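Only one structure is covered here, and it is reproduced in the block below.
Residue numbers (the numbering used here): 22 to 161.
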């Protein structure tokens, strides 16, 4: 199955588990995550991050292209992984944590985030977690 999904053979030896990927993310890092609701958000690594935080607490700044599915923001909030979140969210658990001052939140138009990243007003992003269906022969 992996051969069909990862068609660039030079990338196959880079496959690691969600738990291994989560262990790369350290306290204070900036993490970019794919998503525009549940359809495109990362599924496995955020769960592994939350599980790791139960025994090895850490906090990150999480930047996304839009909202994540409710379960990812809720899971990371309940695990106390988030120190900052931007630019958009719709989860009530995260919203409550923001209102209590537990998570800093920047509410801005989605188009502003990419410009701020490109002009070095934010960042750099230490790791990006991207939900992908396949990797083509050219790596795209």
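Beta carbons: idealized from backbone N, C-alpha and C, even for Gly. Owing to the predicted nature of the structure, the values given are computational and were not obtained by experimental measurement.
**Asked** If you draw a straight line from the alpha carbon of residue 159 to that of residue 37, how long is it in whole angstroms?
**Response** Cα to Cα, the separation comes out at about 20 angstroms.
**Item:** Same chain, Cβ closer than 7 angstroms to residue 48, five either side skipped, listed in chain order
**Value:** 79, 80
**Prompt:** Name the DSSP beta bridge partners of residue 58, please?
**Reply:** 89
**Message:** What residue range does the beta strand (DSSP E) around residue 106 cover?
**Reply:** Segment 103–107, the beta strand (DSSP E) holding residue 106.
**Message:** Assuming residue 68 is part of the alpha helix (DSSP H), what are its boundary residues?
**Reply:** 65–76
**Item:** Close-in-space but distant-in-sequence residues of the same chain around residue 53 (CB under 6 angstroms, 5 per side omitted)
**Value:** 84, 146, 149
**Message:** For residue 151 and residue 42, I'd like the C-alpha separation in whole angstroms.
**Reply:** 12 angstroms
**Message:** Let's test the definition: count the other Cβ atoms within 10 Å of the Cβ of residue 140 and tell me whether it reaches 16, buried, or not, exposed.
**Reply:** exposed
**Request:** Given a cut-off of 8 angstroms, decide if residue 72 and residue 98 are closer than it, judged by their beta-carbon atoms.
**Result:** Cβ distance not < 8 angstroms, so residue 98 and residue 72 don't count as in contact.
**Prompt:** According to DSSP, is residue 117 helix, strand or coil?
**Reply:** The answer is helix: DSSP assigns residue 117 an H, G or I state.
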